[in-house]
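Numbering (the working numbering), first residue to last: 446 to 690.
We treat Cβ as the ideally placed atom computed from N, Cα and C, and that holds for glycine.
All values derive from a computational prediction rather than experimental measurement.
Below is one structure, written out as structure tokens, with a few remarks after it.
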């Protein structure tokens, strides 16, 4: 049996897809294709420039991510942490579970960054900074705070430096996504948007103060004072933009 194709209807929030049943054959494809195959297929569809296909993809993604937001309470981590790569005294001040250790990022940091990238990539920039309506789901703000008081080990220096550089770029990309969210008129609750931006701005200031303090005291490790603040790009992005009032 075949089903009608997707259609769009107008609503106060803009055009959104009306999702019906999935045909048997496409559903079989989706259920059995590998993750790499599905990514290649979706990229090919988006690259085809078929009218409305990108909007349909991102709208469906936003709906899905909104439905699953409650899974990310507790700092943006959906599952309990494993013991690998962490120890009880390595938990950061940002939450109960460590995202960073002296030897590098944990699997939970990678999970958090993937979730944040999916959010800002689908046009949910503010949510990628912080899920305001979900308890403790701070995402990128949480990741910044994971650096507070972190002791660096020579063995993990390269991995930590790379992770913080990526986090810096992610925040800048998320701010760009926030701008597009504002321009498209998709901000539902302005106070939530301001709260999300305010939280990541506060986290960056805390991190700046922490790095400055360590530079003065030389207390974290032998070379701690020589480390530069890692989030300059993120700070610049926020210095030149704020949520409209």
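| query | result |
| --- | --- |
| At least 3 beta-carbon pairs within less than 8 Å: the stretch 581-598 vs the stretch 633-651 | yes |
| Environment of residue 685 [buried if 16+ CB atoms lie within 10 Å] | exposed |
| Simplified DSSP assignment, three categories, for residue 566 | helix |
| Residue 483 - containing alpha helix (DSSP H), residue span | 480-492 |
| Inter-residue Cα distance where the pair is residue 652 and residue 658 | 10 Å |
| Straight-line Cα distance separating residue 545 from residue 590 | 10 Å |
| Ranges of the alpha helix (DSSP H) found wholly within the stretch 570-627, counting only runs of at least 4 | 570-574 and 585-590 |
| Contact check, residue 503 vs residue 567, beta carbons under 7 Å | yes |
| Beta-bridge pairing of residue 545 - partner residues as DSSP gives them | 550 |
| Beta carbon proximity, residue 547 to chain D, threshold 7 Å | Although the question refers to chain D, the structure presented lacks it and comprises just one protein chain. |
| Per-residue burial, residue 560 [other beta carbons within 10 Å of its own, 16 or more giving buried] | buried |
| Residue 554 classed as buried or exposed, judged by whether at least 16 other C-beta atoms fall within 10 angstroms | buried |
| With 16 other Cβ atoms within 10 Å as the buried cut-off, status of residue 512 | exposed |
| Any 3 or more C-beta pairs closer than 8 Å across the stretch 602-620 and the stretch 484-494 | no |
| DSSP three-state assignment for residue 658, whether helix, strand or coil | helix |
| Proximity test, residue 626 beta-carbon vs the ligand ATP heavy atom, cut-off 6 Å | The ligand ATP is not among the ligands present in this structure, which contains no ligands whatsoever. |
| Residue 510 - containing alpha helix (DSSP H), residue span | 498-512 |
| Residue 469 burial status per 10 Å Cβ neighbour count (16 or more: buried) | exposed |
| Supposed close pair residue 608, residue 550 - CB separation, criterion 8 Å | 4 Å |
| Coil, strand or helix - residue 556 by DSSP | helix |
| Same chain only: Cβ atoms within 6 Å of residue 482, ignoring 5 sequence neighbours per side | none |
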